[in-house]
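Each residue of the first sequence is one higher than the one before, counting from 257 in my numbering.
Glycine is no exception: its CB is placed at the ideal position from the N, C-alpha and C atoms.
I have placed the structure first, in the form of structure tokens, so that the comments after it can refer back to it.
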Amino acid sequence: KAYYCFCTKEELEARRYEASKLGIPPGYDGKCRSLTKEERAIEERAILEKKRKPSIRFSVPDCKIAFSDLIRGELEFDSKTISDFIIIRSDGVPTYNFACVIDDSLMEITDVIRGEDHISNTPKQILLYQALGFKIPQFAHLPLIFGPDKTPLSKRHGAMDVLSYRERGFLPEAMINYISLLGFSTEDSKQIMSKDELISLFSFARVQRGGAIFDLDKLLWMNAEYIKVEKKETLLTLAKDILGEKPKEWQEAIIELYRERIKTISDLKKEASFFLQEEIEVDKEAEETILKKPGVIDNLKASLDTLKNIEPFTKEKTEEALRELAKSLNVKTKDIFHPIRVAVTGKTVSPPLFDVLSLLGKELVLKRLNFAIFGRKA
RNA sequence: GUCCCCAUCGACUAGCGGUUAGGUCACGGGCCUUUCAAGCCCGUAGCACGGGUUCAAAUCCCGUUGGGGACACCA
257 KAYYCFCTKE ELEARRYEAS KLGIPPGYDG KCRSLTKEER AIEERAILEK KRKPSIRFSV
317 PDCKIAFSDL IRGELEFDSK TISDFIIIRS DGVPTYNFAC VIDDSLMEIT DVIRGEDHIS
377 NTPKQILLYQ ALGFKIPQFA HLPLIFGPDK TPLSKRHGAM DVLSYRERGF LPEAMINYIS
437 LLGFSTEDSK QIMSKDELIS LFSFARVQRG GAIFDLDKLL WMNAEYIKVE KKETLLTLAK
497 DILGEKPKEW QEAIIELYRE RIKTISDLKK EASFFLQEEI EVDKEAEETI LKKPGVIDNL
557 KASLDTLKNI EPFTKEKTEE ALRELAKSLN VKTKDIFHPI RVAVTGKTVS PPLFDVLSLL
617 GKELVLKRLN FAIFGRKA
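Here is the structure:
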């Protein structure tokens, strides 16, 4: 059922190259399958002289190989399309297909569930199971996952190993949920499902047969959904490198402020940067469109004076005082609020202003206000 | 080149002979609102093509096209 092959890697490559020129499939040509006694003797002598080491090939019989795939149904292959493949390399190490069959049999594997790219390995492995007298397991071939250009996911797409998704701030539950939905769905197309739910709902009959394109946008959305409902403590742990050594209560407040407006934990780093660093840089455009408008400086001065006297510096107190200020100056609240936001966060967008003020603390708020009005020296 | 798998909105998909072809992401519009999100409401958008079978086809069959996979002394 198997035989020694004396061909060298170089010879095979050369012959493969010749064959490809003639449009013949690149498989093994079967040269060593039917060597005469004399030819074999010559080759064996060469081995003894250590000029060559043989490999062992499986002698593929002429037959049809059929099996039932749990996802794709009945599949049939003609062994003519399979050339005699190597089972033991010349260095004595078994190849994947051979090792795989033996290992799985020894481990009494009943169901082989793997990627679609293995589908053409299956007939080879079945032949080996039969030759070895082993029980053939059930096979299920899952569809592949592609990048946006329909080529297999790779570094080119910014695809990373699973660990780096965690580093980027994706929750494991979201990751599992999203990947599960690539090629699988429930009858009602339910989206958010826990691992247990996924397991109980799974069936091979509902697995898609075509490959799926990995969509980062949807993963991002799903991760955001998980962040919205995740326990505070978990989020705190995940964000500890970003939030640093600040008091726990303060950190929790930050988390709550951002949990509905970030898609990954690492978003916190840039979104909340003005909370995390002493010095801020005012966005150029924000400065132009908000701070440089006429009258803004006066409003800021008035705001500064108002805020100076607020004690305690709470969300409610600051809001109340600034709304009153707007009223007494007879301006729209946003003409007061927007400039303060820019002065204090450096950006035109932020979480609700009064949450920001109270969390930033009076000292920092006044300092940044001063800076916006008078410049750094003041 | 040969063999194999696959085919519904831009993406993930529901559908398994009779549906106004449904949901989710994304996108567009609106509401809410101190900005941004979130939330809520509405909308744009799809059965690759050609033949059959049938009273009736997204659904079954056959081609075509398109996409993918595999053909190693890699796993």
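Could you tell me which residues DSSP puts in a beta bridge with residue i?
i	result
Ala322	Glu332
Ser311	Cys261
Phe395	Asp325, Val368
Ile342	Arg313
Pro350	Ile344
Leaving out five residues before and five after residue i in sequence, what residues of the same chain have Cβ atoms less than 8 Å from its Cβ?
i	result
Asp347	Lys309
Glu527	Tyr514, Arg517, Ile518
Leu331	Ala322, Phe323, Ser324, Asp325, Ile375, Thr378
Gln381	Asn353, Cys356, Val357
Ser361	Tyr385, Leu388, Phe390, Lys391
Ile343	Ala258, Ile312, Arg313, Phe314, Pro350, Thr351, Asn353, Phe354, Leu384
Thr604	Asp539, Glu541, Ala542, Thr545, Ile546, His594, Arg597, Val598
Leu492	Leu499, Lys504, Gln507, Glu508, Ile511
Ile469	Ile401, Phe402, Gly403, Pro404, Lys406
Tyr421	Met431
Taking 6 Å as the limit between beta carbons, can you name the residues of its chain near residue i, skipping five residues before and five after?
i	result
Ile546	His594, Pro595, Val598
Glu372	His397, Pro399, Leu400
Ala480	Lys519
Lys451	Ile432
Ala620	The sequence given here places Leu at residue 620; Ala does not occur at that position. Counting only Cβ-Cβ distances below 6 Å, and skipping sequence neighbours, we find nothing.
Ala430	Met478, Asn479, Tyr482
Ile498	Leu524, Lys525
Glu299	Phe262
Gly467	Pro399, Leu400, Phe402
Leu268	none
What does the Cβ neighbour count give for residue i, buried or exposed, with the cut at 16 atoms within 10 Å?
i	result
Ile518	buried
Leu388	exposed
Pro503	exposed
Arg465	exposed
Met363	exposed
Asp523	buried
Gln507	buried
Tyr273	exposed
Ile448	exposed
Ala634	Reliability fails at Ala634, whose pLDDT of 45 lies under 50, so the model's placement of it is uncertain and the value that follows must be treated cautiously. The residue is exposed, with fewer than 16 neighbouring Cβ atoms inside 10 Å.
Thr337	exposed
Val638	The structure shown does not extend to residue 638, since the chain spans only 257 to 634, so no value can be given for it.
Thr574	buried
Ala297	exposed
Ala270	exposed
Asp617	Note on identity: in this sequence residue 617 is Gly, with Asp being the wrong assignment. The residue is exposed, with fewer than 16 neighbouring Cβ atoms inside 10 Å.
Ile521	buried
Pro418	Sequence check: residue 418 is Val here, not Pro. Classification of Val418: exposed, given that the 10 Å Cβ count is below 16.
Asp334	exposed
Asn586	exposed
Leu304	exposed
Asp606	The displayed chain sequence assigns Ser, not Asp, to residue 606. Its Cβ being crowded by 16 or more others within 10 Å, Ser606 is buried.
Cys319	exposed
Phe458	exposed
Leu613	buried
Asn565	exposed
Leu563	buried
Since residue i and residue j should fall inside the 8 Å C-beta cutoff, what is the C-beta to C-beta distance between them, to a whole number of angstroms?
i	j	result
Arg370	Leu398	7 Å
Ile511	Lys557	No, Ile511 and Lys557 are not in contact; Cβ-Cβ is about 34 Å, not under 8 Å.
Ile312	Ala258	5 Å
Lys571	Phe610	4 Å
Ile592	Leu615	At roughly 19 Å, the Cβ-Cβ gap does not stay under 8 Å, so Ile592 and Leu615 are not in contact.
Ser559	Leu625	7 Å
Phe426	Arg462	Rounded, the Cβ-Cβ distance is 25 Å, inconsistent with contact.
Pro408	Thr366	Pro408 to Thr366, Cβ: 29 Å. No contact.
Ser339	Tyr260	Not confirmed; about 16 Å, so no contact.
Pro494	Tyr434	With the sequence shown as reference, residue 494 is identified as Leu, and Pro is not the correct amino acid for it. That belief does not hold up - the Cβ atoms of Leu494 and Tyr434 are roughly 17 Å apart, past 8 Å.
Going by beta carbon distance, what residues of the same chain come within less than 7 Å of residue i, once the five residues before and after it are set aside?
i	result
Glu537	Gly602
Phe460	Leu326, Ile327, Ala396
Thr264	Arg308
Ala302	Arg308
Ile289	Note on identity: in this sequence residue 289 is Arg, with Ile being the wrong assignment. Excluding positions up to five away in sequence, the list reads Tyr259, Ser315, Asp340.
**Message:** Which runs of the alpha helix (DSSP H) at least 4 residues long sit entirely within the stretch 508–541? Give them in chain order.
**Reply:** Whole alpha helix (DSSP H) segments, 4+ residues: 523–527, 529–532.
**Request:** Counting only runs of 4+ residues fully inside the stretch 449–515, write out the alpha helix (DSSP H) ranges in chain order.
**Result:** Runs found: 451–457, 472–485, 488–494, 496–499, 504–514.
**Prompt:** Unbroken alpha helix (DSSP H) runs of length 4 or more, entirely within the stretch 398–443: which are they?
**Reply:** Those alpha helix (DSSP H) runs which fall completely within the stretch 398–443 and span 4+ residues are 418–423, 428–436.
**Prompt:** Which ranges does the alpha helix (DSSP H) cover as unbroken runs of at least 4 residues, wholly within the stretch 548–588, from first to last along the chain?
**Reply:** Here the runs fully enclosed are 552–564, 571–585.
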